[in-house]
Structure formats: structure tokens, C-alpha cells
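Trainee: Here it is, the structure in full.
Numbering (the working numbering), first residue to last: 61 to 128.
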């Protein structure tokens, strides 16, 4: 998630991507403002889902990101 104590999700994504560039990151968050989504995409994550997104869509999309 993006709102966490100590280190937020944005910082976590950046750290993981620097340490493990081969890992694909999919963010799931309840924060869905344009600003949040834009910042996440600028960081370079591979996908973003609202926590309100249906399970089937999330599963299909995560499978697609595994292939790409």
C-alpha cells in the first residue's frame, strides 16, 4: 500500500526497483487520485489497481504483467 508508517509505498517501490530491477511491481491502493497514479507511473511500476477493482481483473492483469 502507499500509506505506511516509516517508509511510504512510493519510497518502497523506488528502493525495490533499484535493488531488484528484474522485479515487476504492481501497486494496489485505495488512493486513486490523478496525482497518485501519475506519481506511481513516473516511478516506473508495472501496474496500478484500485482496491475496488474486481478479483478476476486483478488476477488476469497480474498474469499478463508476468508474461510481459
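Note that beta-carbon positions come from the ideal geometry of N, C-alpha and C, so glycine has one too. Quantities reported herein were computed from a predicted structural model and do not represent experimental measurements.
1) Can you say whether residue 69 is buried or exposed, counting buried as having 16 or more other CB atoms within 10 angstroms of its CB?
2) Evaluate residue 83 with the Cβ neighbour count: other Cβ atoms within 10 Å of its Cβ, from every protein chain shown; 16 or more gives buried, anything less gives exposed.
3) List, from N- to C-terminal side, the beta strand (DSSP E) runs of 3 residues or more that fit wholly inside the segment 63-121.
4) Quick check on the burial criterion: 16 or more other C-beta atoms within 10 angstroms. Buried or exposed for residue 76?
5) Check the C-beta distance from residue 107 over to residue 86 and give it rounded, since I have them as a contact under 8 Å.
Mentor: Well, looking at it:
1) Around the beta carbon of residue 69, 16 or more other beta carbons sit within 10 angstroms, so the residue counts as buried.
2) Residue environment analysis places residue 83 among the exposed positions, since fewer than 16 neighbouring C-beta atoms fall within 10 angstroms of its C-beta.
3) 86-89 and 107-110, all fully within the segment 63-121.
4) exposed
5) 4 Å
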